[in-house]
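Just below is one structure, and these are the notes that go with it.
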Ligand SMILES: [Zn+2]
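Numbering (my numbering), first residue to last: 1050 to 1489.
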């Protein structure tokens, strides 16, 4: 496997099947190779196992696959993409977003106030059973075209635990029965988190357009303590919810907050570890976790430095943010976008959600005046999050550090986003019943 002595490589991340409706893999590789000033093609291409509209492969569960059309090529599935990748000599990374809405029936995440959202809870045993079943099916398909040792699996964990806020009232996820039970075992009293202000207010706040959070606690990714959290809350202005509280009250809340963060980390690692363990022996490549460069990732539920263990994964992918963390035990790849895939995922999931009548009916989406304008706004945010693809950007990435294997370039441009928006707005059928092999 790659180590310090091997040359560093770059990967191309194709985040949504519809991108294959825009261009062939060969054309995409050439375009991004030129943009980044690389003289060799990517060593691997990342392919999405699912979109928010369904799995991208024929599967044992008889779920209708999401298929894509390009010019006169119909029914493009992951098998076609894998075959194309192999013909180009590329390895394949199967990327799994475990938050896909179509998997959430009866498995929804629940916030601390008992409100459900259309996203499955990865801590639920049944969610993991289904994810593993689908993944096995996908790996089986892809191994027909790509040797198993050239297939890697990446779990996108950037939004396992979405958050909401109304003023001081913060609503984190997930508090389903299984999550509550696990928290109980760790001695976390959920009732403390129903209080306003409660422990979360020391680190999170409603910013009007989202949730702001403490992102630097120790500045060196070392072990976090209640004192460290309190200090960060004071320095970064999060103490205001406790402005009139005694030091003892603040201290107790900081302890409870840390206890919550610890158990959420443990639960996230248990869930991810279980999925990797149950896929072992199928894909011969590496176990990858996609996260964010933060000491504690609030929506991923993990302490980054504590994922640096061969027991957890082989590679970590996250953005280049400062302070920057480099692992000592596993390897890492720089994900070339701010907050890694977080903002990009938000765009790509919306592409599918606007075509989904139940999402339109049950969320605020149905009330949006112009879906196209919303998609344009999200695409601008996603494009702004991407590091500008250029030789200069590449030179600014910390690719010379130990254990850094290279970088991952998201396949995102104005033209790609524009194409996806047009397809979404038109509502052109992208799921077809009768599958035909792509001819080119
Ligand atoms: Zn749960």
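Even glycine gets a Cβ: it sits at the ideal position worked out from N, Cα and C.
**Q.** Limits of the unbroken alpha helix (DSSP H) element including residue 1191
**A.** 1174 to 1191
**Q.** Cβ neighbours of residue 1109 in the same chain (closer than 6 Å, five flanking residues each side left out)
**A.** 1186
**Q.** Element boundaries [alpha helix (DSSP H), containing residue 1424]
**A.** Residues 1420 to 1434.
Q: Going by CA-CA distance only, name the one from 1387, 1401, 1342 that's closest to residue 1381.
A: Check the Cα spacing between residue 1381 and each of 1387, 1401, 1342: the tightest is with 1342.
Q. Between residue 1435 and the rest of its own chain, which residues show a CB-CB distance below 6 Å, the 5 nearest in sequence each way excluded?
A. 1386, 1459, 1461
Q: Measure the CB-CB distance between residue 1400 and residue 1469 and report whether it falls below 9 Å.
A: yes
Q | Those runs of the beta strand (DSSP E) which lie wholly inside the region 1091 to 1119 and span at least 3 residues | A | 1093 to 1097, 1117 to 1119
(Q) Give me, in chain order, the residues of the same chain whose beta-carbon lies closer than 6 Å to that of residue 1055; leave out the 5 immediate sequence neighbours on both sides. (A) Since pLDDT at residue 1055 reaches only 49, below the 50 mark, its modelled position is unreliable, and the value read off the structure follows with that caveat. None.
Q. In three-state DSSP terms, what is residue 1459?
A. strand
Q. Which residues have their C-beta within less than 7 Å of a heavy atom of ligand 1, listed in chain order?
A. 1158, 1159, 1170, 1172, 1173, 1223, 1224, 1225, 1227, 1228
Q: Starting from residue 1157, trace the alpha helix (DSSP H) both ways and give me its first and last residue.
A: No alpha helix (DSSP H) contains residue 1157, which is instead part of the beta strand (DSSP E) from 1157 to 1159.
Q: Measure the C-alpha to C-alpha separation of residue 1103 and residue 1261 and round it to an integer number of angstroms.
A: 32 Å
Q: Give the straight-line distance between the Cα atoms of residue 1160 and residue 1295, rounded to the nearest whole angstrom.
A: 29 Å
Q | The alpha helix (DSSP H) enclosing residue 1085, as first and last residue numbers | A | Note, residue 1085: alpha helix (DSSP H), 1074 to 1085.
Q.
When you compare the region 1220 to 1232 with the region 1134 to 1154, are there three or more beta-carbon pairs, one atom per stretch, that lie closer than 8 Å?
A. Short answer: they don't touch.
Q) Which class does residue 1089 belong to by DSSP, given the choice of helix, strand or coil? A) coil
(Q) Cutting at 8 Å between CB atoms, please list the residues of its own chain near residue 1060, excluding the five before and the five after it. (A) For residue 1060, same chain residues with a beta-carbon under 8 Å away, outside a window of 5 residues either side, are 1091, 1092, 1093, 1094, 1095, 1142, 1382, 1455, 1456, 1457, 1458 in chain order.
Q. Which runs of the alpha helix (DSSP H), 4 residues or longer, sit entirely within the region 1202 to 1238?
A. 1226 to 1234
Q) For residue 1362 versus residue 1336, is the C-beta distance shorter than 9 Å? A) yes
**Q.** Other residues of its chain near residue 1246: CB distance less than 7 Å, five sequence neighbours each side excluded
**A.** 1217, 1290, 1291
Q | Through-space distance from residue 1242 to residue 1266, alpha-carbon basis | A | 21 Å
Q: Reducing DSSP to helix, strand and coil, say where residue 1373 ends up.
A: coil
(Q) Using a Cβ-Cβ cutoff of less than 7 Å, which residues in the same chain neighbour residue 1320 once the five nearest sequence positions on both sides are dropped? (A) 1171, 1172, 1177
(Q) Given this structure, state the Cα-to-Cα distance separating residue 1069 from residue 1089, to the nearest angstrom. (A) Roughly 21 Å between the two C-alpha positions.
Q | Validate contact between the region 1229 to 1243 and the region 1111 to 1128 using beta carbons, cut 8 Å, 3 pairs | A | no
(Q) With distance defined between alpha-carbon atoms, name the residue in 1107, 1439, 1209, 1379 nearest to residue 1349. (A) 1209
Q: Jot down the residue ranges of each uninterrupted beta strand (DSSP E) in the region 1274 to 1315, minimum 3 residues, whole runs only, in chain order.
A: none
Q. Beta carbon of residue 1144, beta carbon of residue 1205: below 9 Å?
A. yes
Q: Name, in chain order, the residues that DSSP records as bridge partners for residue 1268.
A: Per DSSP, none; premise fails for residue 1268.
Q | Span of the beta strand (DSSP E) around residue 1060 | A | 1058 to 1062
Q) residue 1268: buried (16+ other C-beta within 10 angstroms of its C-beta) or exposed? A) exposed
Q) Exposed or buried, residue 1480, counting other C-beta atoms within 10 Å across all chains shown (16 or more means buried)? A) With a pLDDT of 38 at residue 1480, under the threshold of 50, the modelled position of this residue cannot be trusted; read the value that follows with caution. By the neighbour-count rule (16 or more Cβ atoms within 10 Å), residue 1480 is not buried but exposed.
(Q) So, for residue 1194: in the same chain, excluding its five sequence neighbours on each side, which residues have a beta-carbon less than 7 Å away from its beta-carbon? (A) 1128, 1131, 1132, 1135
Q.
Let's see if you can read the secondary structure: which residues bound the beta strand (DSSP E) around residue 1498?
A. Residue numbering for the chain in the displayed model covers 1050 to 1489; residue 1498 lies beyond these limits and cannot be assessed.
Q. Looking at residue 1197 and residue 1333, is the spacing between their C-beta atoms short of 9 Å?
A. yes
Q) Should residue 1190 go down as buried or exposed, given a rule of 16 or more other Cβ atoms within 10 Å for buried? A) Burial call: buried.
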